[in-house]
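See below for the structure under consideration.
Protein chains: 2
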Amino acid sequence: MAIESVVEPLYRKVRQDIVECELTPGRAFSEAELGRLYNASRTPVREACRRLEHEGLIRIMPFRGYMIAPLSVAEFHDLEEMQLIFEPEAAAFAAERATPEELEEMRTLATYEYRVGDRTSYREFIQTNYQLHALIAQSTRNKRLFDVVGNIHIRLMRFFYLGLPFDSYGPALVAEHIRLVEAISSRNATEARCCATEHIRMAMERSASLLMSAIRFGEAVFDANSTLDGTIPNTRSRTRLP
Amino acid sequence: MAIESVVEPLYRKVRQDIVECELTPGRAFSEAELGRLYNASRTPVREACRRLEHEGLIRIMPFRGYMIAPLSVAEFHDLEEMQLIFEPEAAAFAAERATPEELEEMRTLATYEYRVGDRTSYREFIQTNYQLHALIAQSTRNKRLFDVVGNIHIRLMRFFYLGLPFDSYGPALVAEHIRLVEAISSRNATEARCCATEHIRMAMERSASLLMSAIRFGEAVFDANSTLDGTIPNTRSRTRLP
DNA sequence: TTTTCACAAACAGTATACAGATCGTTGACA
DNA sequence: TGTCAACGATCTGTATACTGTTTGTGAAAA
Numbered sequence: 011m012a013i014e015s016v017v018e019p020l021y022r023k024v025r026q027d028i029v030e031c032e033l034t035p036g037r038a039f040s041e042a043e044l045g046r047l048y049n050a051s052r053t054p055v056r057e058a059c060r061r062l063e064h065e066g067l068i069r070i071m072p073f074r075g076y077m078i079a080p081l082s083v084a085e086f087h088d089l090e091e092m093q094l095i096f097e098p099e100a101a102a103f104a105a106e107r108a109t110p111e112e113l114e115e116m117r118t119l120a121t122y123e124y125r126v127g128d129r130t131s132y133r134e135f136i137q138t139n140y141q142l143h144a145l146i147a148q149s150t151r152n153k154r155l156f157d158v159v160g161n162i163h164i165r166l167m168r169f170f171y172l173g174l175p176f177d178s179y180g181p182a183l184v185a186e187h188i189r190l191v192e193a194i195s196s197r198n199a200t201e202a203r204c205c206a207t208e209h210i211r212m213a214m215e216r217s218a219s220l221l222m223s224a225i226r227f228g229e230a231v232f233d234a235n236s237t238l239d240g241t242i243p244n245t246r247s248r249t250r251l252p
Numbered sequence: 011m012a013i014e015s016v017v018e019p020l021y022r023k024v025r026q027d028i029v030e031c032e033l034t035p036g037r038a039f040s041e042a043e044l045g046r047l048y049n050a051s052r053t054p055v056r057e058a059c060r061r062l063e064h065e066g067l068i069r070i071m072p073f074r075g076y077m078i079a080p081l082s083v084a085e086f087h088d089l090e091e092m093q094l095i096f097e098p099e100a101a102a103f104a105a106e107r108a109t110p111e112e113l114e115e116m117r118t119l120a121t122y123e124y125r126v127g128d129r130t131s132y133r134e135f136i137q138t139n140y141q142l143h144a145l146i147a148q149s150t151r152n153k154r155l156f157d158v159v160g161n162i163h164i165r166l167m168r169f170f171y172l173g174l175p176f177d178s179y180g181p182a183l184v185a186e187h188i189r190l191v192e193a194i195s196s197r198n199a200t201e202a203r204c205c206a207t208e209h210i211r212m213a214m215e216r217s218a219s220l221l222m223s224a225i226r227f228g229e230a231v232f233d234a235n236s237t238l239d240g241t242i243p244n245t246r247s248r249t250r251l252p
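Heads up: the sequence lines are chains A and B, in that order.
Quick note: the first sequence uses the working numbering, first residue 11, plus one each step.
Quick note: the second sequence uses the working numbering, first residue 11, plus one each step.
See below:
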């Protein structure tokens, strides 16, 4: 049997469901409830939840339960600020250190065209976007940097999966990706840094107008009541929210 | 009784012991062994170890045991590179966003003088240094950034606790801290960014010559055999190392 | 009717029992 | 004497039992 045969798949599945907003931000749940949903006993559920909390996808309220981390303007702002700090430097290092194979794959990822209005294509684009940024981070050869950039993007993807900001600006985003990858490919660190900075700044501008209006300021997205698996909500879960 | 009455103190104590190199880098151990050492049962031990692994202080080898994360040149290099990326930006944001109270505390922390050659004073200085950098990160008002800075410094402190790089250069370090805090206090973001960059660059130069020679290149520091608590080492722990 | 307080349900935190994996050992065989 | 496979000790991964906390509820008192 494979290594970590229960925790690892459980963790991945729950994380995916949170990232894709399949598990509603702000929703409260218990260990038993999550275990029922994913067919796992408490021990692996606990371990997966601990990991997810460390990544900022779940909140733990000691002795009181869990909740899918709510999305907030503050969170989004912090994440974009983090991108602006890390991504340009990552691009610069990538320009100096990426292998030819990595450059080749970057080109493939950057040229992914998605069909505006097509939901499936849009979701694929989100994944591709993540893979591209993760690959750039990977090719810095700095594991710490890779971890941080990866975590930032995982958190950001939840906002993207709300489905709002990309529909009109997708093509511009692709063009920026191509420019960025070209700069990295030509081993021009300075240019790569500039492209990345510009890319993030544009993304910030685009999202400022579109995404903000979709989030209740400083609060959870959507109604946070009701349980995850359709069972009758107990009295405690109804009162767990802030 | 307090919240998380077993895991939290256990986690803190083990983390402290790892950071202070009380638990030797590279040393192998089992859950039961750690539980014996810190008077805890397996469940809290496992949880604490999972957290510490996520922070990069422990390595988990599935089905084979645990080890205190070894120190390596690669790790140190990655950490300094990370500092060079975010500390200048953190300083710049701090210059714009720190509260007067935070500025006041920064000044106190920056002026901590330590007595060269005094081991106790030196260890206090390491703590003070951490607190200063954490406070600067905190005053960016970006929680994500604060978390990352904290983790990077926690990891770096293990190298500092080896006790090598500071003894001759301590005063220079203090002077740099003071300049940095002055720049932040005067709300000069550009100047703060420069001071921080310079500070990290100097630190990198200083450590390059001193610390490197103390680490077996790419390998664990010190002999990694033998157990933690003086019990007779079992046959497995002797063969667990790479 | 409103307030208070004790009780009970539900839950997280912890301890422990159980199952399955790993690896050193040992003994048979070449 | 050297090699290899089966065994067993020991450990991690998982399930579950137990304990203590939190909080809603309802009865009793004001």
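Backbone N, C-alpha and C define an ideal beta-carbon position, used for all residues, glycine too.
Within its chain, find whatever has a CB closer than 6 angstroms to the CB of A202 of chain A; leave out the 5 residues flanking it on each side and keep chain order. Residue mapping note: residue 202 of chain A aligns to position 192 of the first sequence, counting from 1. Apart from the 5 residues on each side of it in sequence, A202 of chain A sits with its Cβ closer than 6 angstroms to the Cβ of A101, A102, A105, A193 and I194 in its chain, given in chain order.
Can you tell me whether A38 of chain B is buried or exposed? The criterion is at least 16 other CB atoms within 10 Å of its CB, across all chains shown. If you number the second sequence from 1, residue 38 of chain B lands on position 28. Its Cβ being crowded by 16 or more others within 10 Å, A38 of chain B is buried.
DSSP three-state assignment for Y76 of chain B, whether helix, strand or coil: What you label residue 76 of chain B is simply residue 66 of the second sequence in a count that begins at 1. Taken through DSSP and simplified to helix, strand or coil, Y76 of chain B comes out as strand.
Could you check if M71 of chain A is buried or exposed, using at least 16 other CB atoms within 10 Å of its CB as the buried criterion? Taking the first residue of the first sequence as 1, we reach residue 71 of chain A at position 61. Exposed is the call here.
Let me know if E85 of chain A comes out buried or exposed under the rule of 16 or more other beta-carbons within 10 Å of its beta-carbon. Within the first sequence, residue 85 of chain A is the residue found at index 75, counting from 1. Around the beta carbon of E85 of chain A, 16 or more other beta carbons sit within 10 angstroms, so the residue counts as buried.
Residue range of the unbroken alpha helix (DSSP H) whose run includes R69 of chain A: Taking the first sequence and counting its residues from 1, one reaches residue 69 of chain A at position 59. Following the DSSP letters along the chain, one finds R69 of chain A in no alpha helix (DSSP H) but inside the beta strand (DSSP E) bounded by residues I68 to M71.
Give me the Cα-Cα distance between N235 of chain A and R129 of chain A, rounded to the nearest whole angstrom. To locate residue 235 of chain A, count along the first sequence from 1; it is residue 225. To locate residue 129 of chain A, count along the first sequence from 1; it is residue 119. A caution first: N235 of chain A carries a pLDDT of 37, below 50, which makes its placement in the model unreliable, though a value can still be read off. Rounded to whole angstroms, the separation of the alpha carbons of R129 of chain A and N235 of chain A is 27 angstroms.
Give me the subset of the segment 146 to 177 of chain B whose CB atoms are less than 9 angstroms from a CB atom of chain A, sorted by chain position. Within the segment 146 to 177 of chain B, the residues whose Cβ lies closer than 9 angstroms to some Cβ of chain A are T150, R151, N152, K153, R154, L155, D157, V158, N161, I162 and R165, listed in chain order.
Answer yes or no: does any C-beta atom of chain B fall closer than 8 angstroms to that of F39 of chain A? The sequence position of residue 39 of chain A within the first sequence is 29, counting from 1. Contact of F39 of chain A with chain B is not assigned, every C-beta pair being separated by 8 angstroms or more.
Name the chain B residues that come within less than 7 angstroms of L89 of chain A, Cβ to Cβ? Taking the first sequence and counting its residues from 1, one reaches residue 89 of chain A at position 79. R154, listed in chain order.
Nearest chain A C-beta to M77 of chain B closer than 8 angstroms, yes or no? Numbered from 1 along the second sequence, position 67 holds the residue referred to as residue 77 of chain B. By this cut-off, M77 of chain B is not an interface position.
Within 10 angstroms of its Cβ, does F227 of chain A collect 16 or more other Cβ (buried), or is it exposed? As a working mapping, residue 227 of chain A is identified with position 217 in the first sequence. Low confidence applies to F227 of chain A: its pLDDT is 39, below 50, so where it sits in the model is not reliable enough to give any reading.
DSSP three-state label for A108 of chain B, please. Within the second sequence, numbered from 1, the residue matching residue 108 of chain B stands at position 98. Coil at A108 of chain B, not helix or strand.
Work out the CA separation of I210 of chain A and V16 of chain A for me, nearest whole Å. The residue labelled residue 16 of chain A in the question sits at position 6 within the first sequence. The residue labelled residue 210 of chain A in the question sits at position 200 within the first sequence. C-alpha separation (whole angstroms): 38 angstroms.
Use the C-beta contact count for T118 of chain A: other C-beta atoms within 10 angstroms, 16 or more gives buried, fewer gives exposed. Walking along the first sequence from the start, residue 118 of chain A turns up at place 108. Per the 10 Å Cβ criterion, exposed.
Using a Cβ cut-off of 8 angstroms (strictly closer), state whether E106 of chain B contacts chain A. Here residue 106 of chain B corresponds to residue number 96 of the second sequence, with the count starting at 1. Closer than 8 angstroms: no.
Alpha carbon to alpha carbon, what distance is there between L190 of chain B and C205 of chain B? Against the second sequence, residue 205 of chain B aligns to sequence position 195. Against the second sequence, residue 190 of chain B aligns to sequence position 180. Between C205 of chain B and L190 of chain B, the C-alpha separation is close to 5 angstroms.
What three-state label does DSSP hand A38 of chain B in the structure shown? Counting from one through the second sequence, the residue named residue 38 of chain B turns up at place 28. Correct three-state label for A38 of chain B: strand.
Rank A:T34, A:L145, A:A182 and A:V55 by C-alpha distance to the C-alpha of E112 of chain A and give the top, closest one. In the first sequence, the residue the question calls residue 112 of chain A occupies position 102. It is A:L145 whose Cα lies nearest to the Cα of E112 of chain A.
Is the separation between the beta-carbon of R60 of chain B and that of R22 of chain A shorter than 8 angstroms? Within the second sequence, numbered from 1, the residue matching residue 60 of chain B stands at position 50. Within the first sequence, numbered from 1, the residue matching residue 22 of chain A stands at position 12. Not in contact: R60 of chain B and R22 of chain A (Cβ atoms no closer than 8 angstroms).
Taking the CB atoms as reference points, tell me whether L142 of chain B and H187 of chain B lie closer together than 8 angstroms. Counting from one through the second sequence, the residue named residue 142 of chain B turns up at place 132. Counting from one through the second sequence, the residue named residue 187 of chain B turns up at place 177. Yes; because the gap between Cβ atoms is below 8 angstroms, this pair is in contact.
G127 of chain B burial status per 10 Å Cβ neighbour count (16 or more: buried): As a first step, residue 127 of chain B must be located in the second sequence, where it is residue number 117. With fewer than 16 Cβ atoms within 10 Å of its Cβ, G127 of chain B is classed as exposed.
Supposed contact pair V159 of chain A and F96 of chain A - C-beta distance, whole angstroms, cut 8 angstroms: By 1-based counting over the first sequence, the position of residue 96 of chain A is 86. By 1-based counting over the first sequence, the position of residue 159 of chain A is 149. Right, their Cβ atoms sit about 6 angstroms apart.
Give the straight-line distance between the Cα atoms of E57 of chain B and P19 of chain B, rounded to the nearest whole angstrom. To locate residue 57 of chain B, count along the second sequence from 1; it is residue 47. To locate residue 19 of chain B, count along the second sequence from 1; it is residue 9. Approximately 12 angstroms between the Cα atoms of the pair.
Is the beta carbon of I68 of chain B sitting closer than 8 angstroms to the one on A79 of chain B? Sequence index remark: in the second sequence, residue 68 of chain B carries index 58 (1-based). Sequence index remark: in the second sequence, residue 79 of chain B carries index 69 (1-based). Taking 8 angstroms as the cut-off, the beta carbon of I68 of chain B is found closer than this to the beta carbon of A79 of chain B.
C204 of chain B by DSSP, collapsed to three states: which one? By one-based count along the second sequence, residue 204 of chain B stands at place 194. C204 of chain B falls in the helix class under three-state DSSP.
M92 of chain B: which of B:M77, B:G180, B:R125 and B:N161 sits nearest, CA to CA? Taking the second sequence and counting its residues from 1, the one referred to as residue 92 of chain B is at position 82. Of the listed residues, the one whose Cα sits closest to M92 of chain B is B:N161.
Using the C-alpha atoms, what's the distance from N198 of chain A back to E99 of chain A? Against the first sequence, residue 99 of chain A aligns to sequence position 89. Against the first sequence, residue 198 of chain A aligns to sequence position 188. If I take the Cα positions, the gap works out to 12 angstroms.
Compare the C-beta of M214 of chain A against all C-beta atoms of chain B and say whether one is closer than 8 angstroms. Position 204 of the first sequence, counted from the first residue, corresponds to residue 214 of chain A. Not one chain B Cβ lies under 8 angstroms of M214 of chain A.
Give me the Cα-Cα distance between A230 of chain B and L166 of chain B, rounded to the nearest whole angstrom. Your numbering for residue 230 of chain B matches position 220 in the second sequence. Your numbering for residue 166 of chain B matches position 156 in the second sequence. Because A230 of chain B sits at a pLDDT of 44, beneath the cut-off of 50, its placement in the model cannot be relied upon, and the following sentence gives the value as read from the coordinates. Cα to Cα, the separation comes out at about 15 angstroms.
When the Cα atoms are used, what is the spatial distance from Y76 of chain B to E41 of chain B? Numbered from its first residue, the second sequence carries residue 76 of chain B at position 66. Numbered from its first residue, the second sequence carries residue 41 of chain B at position 31. Going from the Cα of Y76 of chain B to the Cα of E41 of chain B covers about 8 angstroms.
Within the segment 122 to 177 of chain A, note down every full beta strand (DSSP E) run reaching 3 residues or more, in order along the chain. Qualifying beta strand (DSSP E) stretches: none in this window.
Can you pull the chain B neighbours of H64 of chain A, defined as C-beta to C-beta under 8 angstroms? By one-based count along the first sequence, residue 64 of chain A stands at place 54. Taking a Cβ-Cβ threshold of 8 angstroms, the residues of chain B close to H64 of chain A are R61 and H64, in chain order.
In chain order, what residues of the same chain lie with their CB nearer than 7 angstroms to the CB of E30 of chain B, ignoring the 5 residues before and after it? Along the second sequence, one-based indexing puts residue 30 of chain B at 20. Here the set comprises Y171.
CB contact check: F86 of chain A to chain B, cutoff 8 angstroms: As a first step, residue 86 of chain A is located in the first sequence; it is residue number 76 there, counting from the start. The C-beta of F86 of chain A comes no closer than 8 angstroms to any C-beta of chain B.
In chain A, what lies closer than 7 angstroms to E201 of chain B by C-beta? By 1-based counting over the second sequence, the position of residue 201 of chain B is 191. Here the premise fails: no neighbours, minimum Cβ distance about 18 angstroms.
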